[in-house]
Amino acid sequence: MPTDQDTHGDDAVLVERRNGVGIVTLNRPDALNAINMAVRRGLTRACRDLEADPAIRTVLIRAAGERGFCVGADIKEFRQVDSAVSARRVDPGIAYIDAVASLTKPAIAAIHGFCLGGGFEIALACDIRIASADAVFGLPEVNLGLIPGAGGTQRLPRLIGTGRALDLMLTGERFGAEEALRLGVVSRLAPARQALDEQALALADAIAAKSPTAAAYVKEAVMNGADLDLDAGIALEKTLFTLLLTTEDRMEAAAAFREKRRPVFTGR
Numbered sequence: 192m193p194t195d196q197d198t199h200g201d202d203a204v205l206v207e208r209r210n211g212v213g214i215v216t217l218n219r220p221d222a223l224n225a226i227n228m229a230v231r232r233g234l235t236r237a238c239r240d241l242e243a244d245p246a247i248r249t250v251l252i253r254a255a256g257e258r259g260f261c262v263g264a265d266i267k268e269f270r271q272v273d274s275a276v277s278a279r280r281v282d283p284g285i286a287y288i289d290a291v292a293s294l295t296k297p298a299i300a301a302i303h304g305f306c307l308g309g310g311f312e313i314a315l316a317c318d319i320r321i322a323s324a325d326a327v328f329g330l331p332e333v334n335l336g337l338i339p340g341a342g343g344t345q346r347l348p349r350l351i352g353t354g355r356a357l358d359l360m361l362t363g364e365r366f367g368a369e370e371a372l373r374l375g376v377v378s379r380l381a382p383a384r385q386a387l388d389e390q391a392l393a394l395a396d397a398i399a400a401k402s403p404t405a406a407a408y409v410k411e412a413v414m415n416g417a418d419l420d421l422d423a424g425i426a427l428e429k430t431l432f433t434l435l436l437t438t439e440d441r442m443e444a445a446a447a448f449r450e451k452r453r454p455v456f457t458g459r
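In the working numbering, the protein residues as written are 192 to 459.
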């Protein structure tokens with residue numbers, strides 16, 4: 192199947208479409224993929240384009256270079272901030288994080304090296320996180336007289352618990368890949384960068400082979416159900432389950448089981 196590649200944000204973000212997987216690459220390796228305006232705009236547009244593309248079933252976010260996934264905000268931009276007006280000019284909000292978090296398609300972050308501040312918040316906005324053994328995580332904003340401003344204070348406690356999250360955010364301490372796995376920040380570890388890329392792409396391919404409607408409903412049930420009480424969450428699950436019973440994909444899965452072959456899902 193042909194591979195298409197395009198760029199967003201003056202090459203700061205690359206997008207490749209491969210066999211139903213949209214591969215988004217943060218592409219400022221010389222700056223450790225620090226988040227500047229071009230990255231914000233590029234990531235926002237990339238996610239919106241992939242969300243609208245019916246051929247894409249899974250999104251994989253990775254980063255160029257050997258030293259890190261993303262070290263957070265580009266400090267050069269913040270040095271220019273000396274007033275509320277200039278702050279608004281430099282900081283366009285968190286549309287780039289919202290674009291990741293609002294994907295209805297499963298989103299995977301493949302993390303190597305430094306994953307700090309806003310970079311960590313990009314990863315937290317994804318559904319699944321895989322890290323290489325050299326990954327280093329942290330929300331060090333308190334050391335700069337700030338707090339995490341792109342969802343970190345909300346997503347990290349929901350992921351690992353309030354006490355642990357407060358410990359990490361109030362101290363600004365960094366932690367490694369093994370601790371990230373223990374805390375549940377990541378669900379898989381790879382021994383090295385090459386293995387990380389291979390594992391992340393294999394996982395993205397595996398999910399892309401499933402029914403895209405079922406995958407979207409799994410995500411909807413989990414994400415939306417988290418904000419509901421148990422009874423309401425189960426009611427949501429039941430509704431989504433019932434909607435899937437009459438889909439072509441569900442019938443295709445049953446036929447494939449009878450015929451002892453792999454199902455071919457279309458999203459219908």
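For every residue, glycine included, the Cβ atom is placed at its ideal position computed from N, Cα and C.
Since this is a predicted model, take the numbers as computed values, not measurements.
Residue pairing from DSSP places Thr-216 in a beta bridge opposite Leu-205 and Arg-253. Non-local C-beta neighbours of Pro-382 in its own chain, meaning closer than 8 Å and more than five positions away in sequence, comprise Ser-323 and Ala-324, ordered along the chain. Rounded to whole angstroms, the separation of the alpha carbons of Gly-340 and Ala-255 is 24 Å. A distance below 7 Å separates the beta carbons of Leu-315 and Arg-346. Membership of Arg-379 in the beta strand (DSSP E) is indicated by the continuous run 379-381.
A buried status is given to Arg-248, since no fewer than 16 other beta-carbon atoms sit within 10 Å of its beta-carbon. The straight-line gap separating the alpha-carbon atoms of Ala-326 and Arg-452 is approximately 39 Å.
Between the beta-carbon of Ala-243 and that of Ala-203 there is about 21 Å, and that puts the pair past the 8 Å contact cut.
The DSSP assignment places 421-435 as complete runs of the alpha helix (DSSP H) inside the region 408-437, in order along the chain (cut-off: 4 residues). If you draw a straight line from the Cα of Pro-348 to the Cα of Asn-334, it is about 19 Å long. Ile-266 sits in a helix when the DSSP states are folded into three classes.
Around the beta carbon of Thr-433, fewer than 16 other beta carbons lie within 10 angstroms, which makes this residue exposed. Put simply, of Arg-459, Val-262 and Ile-299 the residue whose alpha carbon is nearest the alpha carbon of Gln-390 is Ile-299. Residue range 286-292 is occupied by the alpha helix (DSSP H) that includes Ile-288. Counting only runs of 3 or more residues that sit fully inside the region 355-392, the beta strand (DSSP E) segments are 379-381, in chain order. A direct Cα-Cα distance of roughly 21 Å separates Asp-396 from Phe-448. Ala-406 and Leu-374 have their C-alpha atoms roughly 25 Å apart.
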